[in-house]
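One structure is given below, encoded as structure tokens.
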Amino acid sequence: NAGVTQTPKFRVLKTGQSMTLLCAQDMNHEYMYWYRQDPGMGLRLIHYSVGEGTTAKGEVPDGYNVSRLKKQNFLLGLESAAPSQTSVYFCASHQDSYEQYFGPGTRLTVT
Amino acid sequence: AQSVSQHNHHVILSEAASLELGCNYSYGGTVNLFWYVQYPGQHLQLLLKYFSGDPLVKGIKGFEAEFIKSKFSFNLRKPSVQWSDTAEYFCAVLYNFNKFYFGSGTKLNVKP
Numbered sequence: 001n002a003g004v005t006q007t008p009k010f011r012v013l014k015t016g017q018s019m020t021l022l023c024a025q026d027m028n029h030e031y032m033y034w035y036r037q038d039p040g041m042g043l044r045l046i047h048y049s050v051g052e053g054t055t056a057k058g059e060v061p062d063g064y065n066v067s068r069l070k071k072q073n074f075l076l077g078l079e080s081a082a083p084s085q086t087s088v089y090f091c092a093s094h095q096d097s098y099e100q101y102f103g104p105g106t107r108l109t110v111t
Numbered sequence: 112a113q114s115v116s117q118h119n120h121h122v123i124l125s126e127a128a129s130l131e132l133g134c135n136y137s138y139g140g141t142v143n144l145f146w147y148v149q150y151p152g153q154h155l156q157l158l159l160k161y162f163s164g165d166p167l168v169k170g171i172k173g174f175e176a177e178f179i180k181s182k183f184s185f186n187l188r189k190p191s192v193q194w195s196d197t198a199e200y201f202c203a204v205l206y207n208f209n210k211f212y213f214g215s216g217t218k219l220n221v222k223p
């Protein structure tokens, strides 16, 4: 079991560029989440999904879009990156126990 | 909006000292409570969780936490810390089996 994997691990973008972060899990979990982690602010929920084909907004959704076309994948898109989106992005998934399993994170810098 | 507060941002202890990290949450209906740990260079992993029953829950590596409903608190404790406990600790609350909210984290530095 690979658990939760994230691609890429690091990325540097220029302001206005777009990119997609991929989260994949092999545990057949229904629930998947995208968070951002900023110094002194902990993790903040961006978007989440309660099953294939569903998505919902979290605490800080502006500037991001998501898709869950396949149960095992949850994509996070930035259409026009801004310096305020410089952060570490974590994906997580869980099943009925609500114990979240986290990926290793993607460190994104927007210049 | 719901919120989770961790008042200790950075704690420094010597080995064998006792640890207590505070966590308070805002009222918002049904809550389930978690503590996660992030060791240097690793991703977050679950220490313990509370859903119902005995408000004193025990987790991995000798950690425990007490849910005090009247105080909206879920403090993490360990009687004797080790150098290997150096990490960042996050309290998290699941409101109404819907959204997770995390605290800002507490960095623990244990001196050998």
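These protein sequence lines map, in sequence, to chains A and B. Residue 1 is where the first sequence starts when you use my numbering, and the numbers rise one by one after that. Residue 112 is where the second sequence starts when you use my numbering, and the numbers rise one by one after that. Beta carbons: idealized from backbone N, C-alpha and C, even for Gly. None of the values given here were measured: they were computed from a predicted structure.
According to DSSP, is residue i helix, strand or coil?
i, result
"Q100 of chain A", "coil"
"Q113 of chain B", "coil"
"G173 of chain B", "helix"
"Q37 of chain A", "strand"
"K182 of chain B", "helix"
"Q17 of chain A", "coil"
"S112 of chain A", "No answer is possible for residue 112 of chain A: the residues shown for chain A start at 1 and end at 111."
"S80 of chain A", "coil"
"S195 of chain B", "helix"
"Y138 of chain B", "coil"
"V50 of chain A", "coil"
"A56 of chain A", "strand"
"L69 of chain A", "coil"
"F208 of chain B", "coil"
"H94 of chain A", "strand"
"E30 of chain A", "coil"
"T119 of chain B", "First, the residue type needs correcting, since residue 119 of chain B is Asn and not Thr in the sequence shown. DSSP places N119 of chain B in coil when its eight states are reduced to three."
"L75 of chain A", "strand"
"S163 of chain B", "coil"
"S214 of chain B", "The sequence given here places Gly at residue 214 of chain B; Ser does not occur at that position. G214 of chain B falls in the coil class under three-state DSSP."
Taking C-beta pairs closer than 7 Å, name the residues in chain D that residue i reaches, listed in chain order.
i, result
"K160 of chain B", "The chain labelled as chain D is not found among the protein chains of the depicted structure, namely A and B."
Label residue i either buried or exposed according to how many other C-beta atoms from any shown protein chain fall within 10 Å of its C-beta, with 16 as the threshold for buried.
i, result
"K180 of chain B", "exposed"
"N220 of chain B", "exposed"
"W194 of chain B", "exposed"
"D196 of chain B", "buried"
"G114 of chain A", "Any question about residue 114 of chain A goes unanswered here, given that chain A covers just 1 to 111."
"H120 of chain B", "exposed"
"V50 of chain A", "exposed"
"T106 of chain A", "buried"
"G103 of chain A", "buried"
Just the Cα atoms here: how many angstroms apart are residue i and residue j?
i, j, result
"S67 of chain A", "T55 of chain A", "7 Å"
"N28 of chain A", "E131 of chain B", "36 Å"
"L144 of chain B", "C91 of chain A", "19 Å"
"Y147 of chain B", "T15 of chain A", "33 Å"
"A203 of chain B", "S18 of chain A", "31 Å"
"K71 of chain A", "G53 of chain A", "8 Å"
"A176 of chain B", "L155 of chain B", "18 Å"
"H94 of chain A", "L76 of chain A", "18 Å"
If I measure Cβ to Cβ from residue i and keep anything under 6 Å in the same chain, skipping five residues before and after, which residues do I get?
i, result
"S215 of chain B", "Q117"
"V12 of chain A", "T109"
"F162 of chain B", "N143"
"A127 of chain B", "S191"
"F10 of chain A", "R107"
"V60 of chain A", "R44 and I46"
"K222 of chain B", "S125"
Got a sec: does the ligand FAD put a non-hydrogen atom nearer than 7 Å to the Cβ of residue i?
i, result
"T106 of chain A", "Absence of the ligand FAD is noted for the structure shown, with no ligands found whatsoever."
Excluding sequence positions up to five away, which residues of its chain have a Cβ less than 7 Å from the Cβ of residue i?
i, result
"L78 of chain A", "S18, M19, G63, Y64 and Q85"
"A82 of chain A", "T15, G63 and V110"
Excluding the five sequence neighbours on either side, which residues of its own chain have a C-beta within less than 8 Å of the C-beta of residue i, listed in chain order?
i, result
"S114 of chain B", "Y136, S137 and Y212"
"V122 of chain B", "L130, L132, T217, K218, L219 and N220"
Members of the region 174–198 of chain B near chain A, C-beta cut-off 8 Å: Hits within the stretch: zero.
Interface residues of the region 4–28 of chain A facing chain B [CB-CB below 7 Å]: Answer in chain order: no residues at all.
Chain-ordered residues of the region 37–48 of chain A with a beta carbon less than 8 Å from chain B: Within the region 37–48 of chain A, the residues whose Cβ lies closer than 8 Å to some Cβ of chain B are G40, M41, G42, L43, R44, L45 and Y48, listed in chain order.
Near-chain B residues of the region 80–107 of chain A (beta-carbon distance less than 9 Å), N- to C-terminal order: Against chain B - using a Cβ distance shorter than 9 Å - the residues of the region 80–107 of chain A are F90, A92, S97, Y98, E99, Q100, Y101, F102, G103, P104 and G105.
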